[in-house]
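The structure under discussion appears below in the form of structure tokens.
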């Protein structure tokens, strides 16, 4: 049995899952660097569950939130790759405080076990 994270989907299957026509998916592939499906030996596209999540997010940004392609691409990049380094000393301190709180919570969970 194929694990879900290793599952591969063809373009027609993805179109049904996300309710987007194939020509739109192909267009998004050319406009969103975050969406790059792999190809098999016959040069057919196949999509992973992660690709499908990206497609769903693109659809939401464009159709439901009304963003432009450029704006949606930027928003998606920030979501997928993070905001980058903190810009101020206070942002760095706040980020470290959040990380410390998460680590403490994880340690507490481990202590309970």
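Residue numbers (this note's numbering): 24 to 136.
Every residue, glycine too, gets a C-beta built ideally from N, C-alpha and C.
Are the Cβ atoms of residue i and residue j separated by less than 8 Å?
i, j, result
"residue 41", "residue 79", "yes"
"residue 75", "residue 58", "no"
"residue 72", "residue 127", "no"
"residue 67", "residue 33", "yes"
"residue 63", "residue 69", "yes"
Quick check: what's the CA-CA separation for residue i versus residue j?
i, j, result
"residue 132", "residue 125", "11 Å"
"residue 52", "residue 44", "13 Å"
"residue 109", "residue 91", "26 Å"
"residue 111", "residue 123", "18 Å"
"residue 47", "residue 54", "10 Å"
"residue 49", "residue 85", "15 Å"
"residue 24", "residue 77", "In this predicted model, residue 24 has a pLDDT of only 47, less than 50, meaning its place in the structure is not dependable; the value taken from the coordinates is given anyway. One C-alpha to the other measures close to 25 Å."
"residue 116", "residue 101", "20 Å"
"residue 119", "residue 129", "15 Å"
"residue 35", "residue 60", "13 Å"
Please classify residue i as buried or exposed, where buried requires at least 16 neighbouring CB atoms within 10 angstroms.
i, result
"residue 65", "exposed"
"residue 103", "exposed"
"residue 96", "buried"
"residue 56", "exposed"
Along the alpha helix (DSSP H) that carries residue i, what are the first and last residues, could you check?
i, result
"residue 99", "92–104"
"residue 56", "Run containing residue 56: none; DSSP gives neither H nor E here."
"residue 126", "112–135"
"residue 36", "34–41"
"residue 195", "There is simply no residue 195 to check, as the chain begins at 24 and stops at 136 in what is shown."
In the DSSP assignment, what residue or residues form a beta bridge with residue i?
i, result
"residue 68", "62"
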